[in-house]
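Student: In my numbering, the protein residues as written are 6 to 247. What follows is a single structure, and I will ask about it in a moment.
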Ligand SMILES: CC(C)(COP(=O)(O)OP(=O)(O)OC[C@H]1O[C@@H](n2cnc3c(N)ncnc32)[C@H](O)[C@@H]1OP(=O)(O)O)[C@@H](O)C(=O)NCCC(=O)NCCS
């Protein structure tokens, strides 16, 4: 196991037993990986060059590829399998029994319940909620919950709700705030509540930008000495230094 720990805050320690972590992975203070959610819990296995930010909790019985990174206070429960180059931003939760492919970018305050399946190069906007039980607490016996299936190169905007069991077809584009309540054919656009499905407009009929989904590093963890120069919007009346 090889980890870098550049930002130790006083009193914070990270718990990394029950874990195998690849070379180059950076673990900030106050991170727990391999959480023993039961006495026989297996290891959490993480690949190389990941970044786990303060407050991250990853349960045991998790398999994660290379270049994974979390924001602060992200949670990954057990029996989750995550490919390479995935991001889970601040305060997002992946419940147990979830699969993410490669290059999946999940923005802040997003919720993925059990039995959600996500393909490759999928973008999930902030505050998006997936669900896995259509009639919770009102069926006896309760069926096994089943979440959504999201195929490759889907773009899901901010504040979207995806109802249980739906499949969102490849390359589809879900507008901000939409409620996806039925299967979406590949290359569709979904807008509104309930989501109205139409063919994807030509201008959006392309795969998600690989520079955004496959990121070897992160804006907030830059490798260059002065990387943020020029990012303060020049159309604002004041400068950052004023
Ligand atoms: C759906 C979307 C792609 C439309 O963008 P657009 O093609 O430029 O369309 P326009 O803004 O010209 O809007 C066209 C019409 O759709 C409506 N509309 C736009 N976005 C909408 C949305 N999210 N939900 C419902 N209606 C929407 C507009 O009000 C307008 O209606 P009108 O013709 O009655 O005036 C865009 O608004 C959107 O939701 N993008 C996703 C943003 C996002 O979530 N990003 C996450 C990362 S930060």
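Ideal Cβ placement from N, Cα and C applies to all residues, glycine included.
1) Can the beta-carbon of residue 119 be found less than 7 Å from the beta-carbon of residue 150?
2) Can you list, in chain order, the residues of its chain whose CB lies under 6 Å from that of residue 21, leaving out five sequence neighbours each side?
3) Considering just the uninterrupted stretch of the beta strand (DSSP E) at residue 24, what are its terminal residues?
4) Between the C-alpha atoms of residue 81 and residue 115, what's the straight-line distance to the nearest angstrom?
5) Closer than 6 Å from C-beta to any heavy atom of ligand 1: which residues, in chain order?
6) Look at the Cβ atom of residue 215, then the Cβ atom of residue 192, and state whether they are nearer than 7 Å.
7) Given 8 Å as the limit, is there contact between the segment 179 to 189 and the segment 205 to 220, that is, 3 or more CB pairs closer than that?
8) Between residue 112 and the rest of its own chain, which residues show a CB-CB distance below 6 Å, the 5 nearest in sequence each way excluded?
9) Could you tell me the distance, in whole angstroms, from the CA atom of residue 235 to the CA atom of residue 169?
10) Compute the distance between the beta-carbons of residue 200 and residue 181, then report whether it is under 7 Å.
11) So, is residue 100 buried or exposed, given that buried needs 16 or more other C-beta atoms within 10 angstroms?
12) With a 10 Å radius around its C-beta and 16 neighbouring C-beta atoms as the bar for buried, classify residue 33 as buried or exposed.
13) On the DSSP bridge assignment, give the partners of residue 203 in chain order.
14) Look at the alpha carbon of residue 29 and the alpha carbon of residue 203, and state the distance between them as a whole number of angstroms.
Tutor: Reading off the structure:
1) Reading the chain shown from its first residue, position 114 is the one you call residue 119. Reading the chain shown from its first residue, position 145 is the one you call residue 150. Yes.
2) Residue 21 sits at position 16 when you count from the first residue of the chain shown. Within the same chain, residue 21 has close Cβ partners 38.
3) On the chain shown, residue 24 is found 19 positions in, with the first residue counted as 1. Residue 24 -> beta strand (DSSP E) spans 24 to 26.
4) Working through the chain shown from its first residue, we reach residue 81 at position 76. Working through the chain shown from its first residue, we reach residue 115 at position 110. The alpha-carbon atoms of residue 81 and residue 115 are separated by roughly 12 Å.
5) The filter returns 130, 162, 163, 180, 181, 182, 196 and 197, in chain order.
6) In the chain shown, residue 215 corresponds to position 210, counting from 1. In the chain shown, residue 192 corresponds to position 187, counting from 1. For the 7 Å CB-CB criterion, residue 215 and residue 192 do not form a contact.
7) Touching, no.
8) Position 107 of the chain shown holds residue 112. These residues qualify, in order along the chain: 94, 130 and 131.
9) Residue 235 sits at position 230 when you count from the first residue of the chain shown. Residue 169 sits at position 164 when you count from the first residue of the chain shown. Rounded to the nearest angstrom, the two C-alpha atoms are 43 Å apart.
10) For the purposes of this step, residue 200 is taken as the residue at position 195 of the chain shown. For the purposes of this step, residue 181 is taken as the residue at position 176 of the chain shown. No, the Cβ-Cβ distance between residue 200 and residue 181 is not below 7 Å.
11) In the chain shown, the residue the question calls residue 100 occupies position 95. Residue 100 comes out buried.
12) Sequence index remark: in the chain shown, residue 33 carries index 28 (1-based). Burial is judged here by how many other beta carbons sit within 10 angstroms of a residue's own beta carbon; residue 33 has at least 16 and is buried.
13) Looking up residue 203 in the chain shown gives position 198. BP columns for residue 203 point to 194.
14) Position 24 of the chain shown, counting from 1, holds the residue named residue 29. Position 198 of the chain shown, counting from 1, holds the residue named residue 203. So the alpha carbons of these two residues sit roughly 45 Å apart.
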